[in-house]
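Enquirer: Residue numbers (our numbering): 9 to 304.
Submitted below is the structure of interest, expressed as structure tokens.
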Amino acid sequence: MPTTSSTATHDVVLIGGGIMSATLGVLLQKLEPTWSIALYENLDQAGLESSDPWNNAGTGHAALCELNYSPMDKNGRVDVTKALGINEQFWITRQFWSSLVADGTLKDPKSFINPLPHMSFVWGDDHADYLRARYEAMSAQPVFAGMEHSEDPEQIRAWAPLLIGGRESGQRLAASRHTGGTDVDFGSLTRQLVTAMAGAGAEVRFGHKVTGLTRGADGRWEVKVKNKAAGSEVVDRARFVFIGAGGGTLPLLQKSGIPEAKGFGGFPVSGQFLRCTDESAGTTDRAIGEEARSVA
Ligand SMILES: Cc1cc2nc3c(=O)[nH]c(=O)nc-3n(C[C@H](O)[C@H](O)[C@H](O)COP(=O)(O)OP(=O)(O)OC[C@H]3O[C@@H](n4cnc5c(N)ncnc54)[C@H](O)[C@@H]3O)c2cc1C
Numbered sequence: 009m010p011t012t013s014s015t016a017t018h019d020v021v022l023i024g025g026g027i028m029s030a031t032l033g034v035l036l037q038k039l040e041p042t043w044s045i046a047l048y049e050n051l052d053q054a055g056l057e058s059s060d061p062w063n064n065a066g067t068g069h070a071a072l073c074e075l076n077y078s079p080m081d082k083n084g085r086v087d088v089t090k091a092l093g094i095n096e097q098f099w100i101t102r103q104f105w106s107s108l109v110a111d112g113t114l115k116d117p118k119s120f121i122n123p124l125p126h127m128s129f130v131w132g133d134d135h136a137d138y139l140r141a142r143y144e145a146m147s148a149q150p151v152f153a154g155m156e157h158s159e160d161p162e163q164i165r166a167w168a169p170l171l172i173g174g175r176e177s178g179q180r181l182a183a184s185r186h187t188g189g190t191d192v193d194f195g196s197l198t199r200q201l202v203t204a205m206a207g208a209g210a211e212v213r214f215g216h217k218v219t220g221l222t223r224g225a226d227g228r229w230e231v232k233v234k235n236k237a238a239g240s241e242v243v244d245r246a247r248f249v250f251i252g253a254g255g256g257t258l259p260l261l262q263k264s265g266i267p268e269a270k271g272f273g274g275f276p277v278s279g280q281f282l283r284c285t286d287e288s289a290g291t292t293d294r295a296i297g298e299e300a301r302s303v304a
């Protein structure tokens with residue numbers, strides 16, 4: 009049981025200190041500089057959950073290598089509509105980050121974004137046929153025009169040596185590659201954004217877990233927050249609440265009682281990341297092992 013209880017009042021409460029809350033917080037400070045903002049994070053630092061660099065693949069999603077943005081229909085036609093939209097969104101994101109570097113909110117861009125070729129690699133006839141059809145549909149679009157494609161194991165070896173060694177010969181392989189991809193360290197980015205938010209007046213509280221969320225009679229949200237070290241409780245009364253709690257979002261959304269929370273479900277997403285530290289292998293230090301991703 010909490011030993012003491014106090015109240016606070018803010019225009020905006022951000023729940024969670026990942027890339028989502030950090031981005032929204034900085035954006036709000038630019039658009040509504042007079043609003044008061046509080047950010048509550050359960051852990052002792054920002055960006056340690058999904059936004060941590062070793063908890064996601066780190067590709068800046070620009071639809072260069074993510075095959076789920078370019079599905080094939082039953083007639084064998086690859087639809088690139090979604091891929092085009094995602095690519096455009098990533099360019100807008102890059103413009104936003106550029107503006108934050110220009111105004112000093114973010115430091116050296118190399119601390120969070122670096123060039124990295126993006127590559128999709130498949131094997132087997134069905135998958136190789138799909139990848140070729142995707143390449144033909146994508147490379148016809150100006151934003152994807154630089155895409156390369158090959159079924160030659162030696163070419164693929166030159167692109168990514170570790171993918172080829174030890175494979176059975178005769179297996180059909182295919183790869184598409186774009187050198188305009190990026191590697192994004194969302195953990196570094198998150199921490200820089202949260203530090204900037206705090207410097208611009210936001211109250212950032214680590215080690216604070218949000219346990220409940222209800223709407224008061226006056227329309228303000230009452231956000232219950234536990235200070236884990238002190239064992240005390242704060243009730244923060246806010247005009248707006250953003251739940252950016254990653255895997256902890258859904259239970260809080262359900263506690264809010266808003267009708268929009270109904271009908272959603274979720275289950276864990278995992279990834280395995282393999283790191284090669286042998287520079288003579290001629291590849292980057294990060295290769296994606298497996299990634300299973302599902303949203304209900
Ligand atoms: C395996 C994998 C691979 C991925 N690969 C990519 C990729 O290549 N490119 C890409 O763009 N995206 C990728 N993603 C997605 C990306 O990592 C996430 O979309 C993004 O990091 C989510 O950020 P977030 O702020 O919503 O959540 P998080 O970073 O998880 O932040 C949520 C925060 O909320 C805190 N929290 C939770 N509950 C509470 C509570 N009750 N009170 C207070 N704080 C709370 C947590 O401690 C955490 O710090 C990947 C994700 C996974 C899992």
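Idealized CB from N, CA, C, for every residue including glycine.
1. Alpha carbon to alpha carbon, how far is threonine 222 from glycine 265? Give it in angstroms, no decimals.
2. So what does DSSP say about valine 222, is it helix, strand or coil?
3. Report yes or no: do the segment 206-213 and the segment 154-163 share at least 3 C-beta pairs separated by less than 8 Å?
4. Is there contact here, the segment 231-250 with the segment 57-73, by at least three beta-carbon pairs under 8 Å?
5. On the CB-based measure, 16 or more other CB atoms within 10 Å of its CB, does glutamate 49 come out buried or exposed?
6. Comparing alpha-carbon positions, which option in Gln53, Thr15, Leu36 and His18 lies nearest glycine 215?
7. Compute the Euclidean distance between the alpha carbons of glutamine 163 and threonine 31, then round it to the nearest angstrom.
8. Taking only three categories from DSSP, how would you classify valine 151?
9. Closer than 7 Å to a non-hydrogen atom of ligand 1 - does that hold for the CB of alanine 253?
10. Using CA atoms only, rank isn't needed, just tell me which of Asp19, Ile27, Ser29 and Trp62 is closest to proline 41.
11. Grab the span of the alpha helix (DSSP H) containing leucine 258 for me, first residue to last.
12. Using DSSP with H/G/I as helix, E/B as strand and the rest coil, what is alanine 16?
13. Where does the unbroken alpha helix (DSSP H) through methionine 205 begin, and where does it stop?
14. Cβ atoms of tyrosine 143 and serine 184: under 8 Å apart, would you say?
15. Going by the C-beta, is histidine 69 closer than 7 Å to any heavy atom of ligand 1?
16. Are there 16 or more other CB atoms within 10 angstroms of the CB of isoleucine 100, so buried, or fewer, so exposed?
17. Candidates Ser14, Gly66, Glu96 and Val243: which alpha carbon is nearest proline 123's?
Expert: Straight from the coordinates:
1. 7 Å
2. Going by the sequence as given, residue 222 is threonine instead of valine. It is a strand residue.
3. no
4. Short answer: they don't touch.
5. buried
6. Closest option to glycine 215, Cα to Cα, is Gln53.
7. Rounded to the nearest angstrom, the two C-alpha atoms are 39 Å apart.
8. Reduced to three states, the DSSP call for valine 151 is helix.
9. For ligand 1, at least one heavy atom lies less than 7 Å from the Cβ of alanine 253.
10. Asp19
11. 257-264
12. strand
13. Here the alpha helix (DSSP H) through methionine 205 covers 194-207.
14. With contacts defined as CB atoms closer than 8 Å, serine 184 and tyrosine 143 qualify as a contacting pair.
15. yes
16. The Cβ neighbour count for isoleucine 100, taken over all protein chains shown within 10 Å, is under 16; the residue is labelled exposed.
17. Gly66
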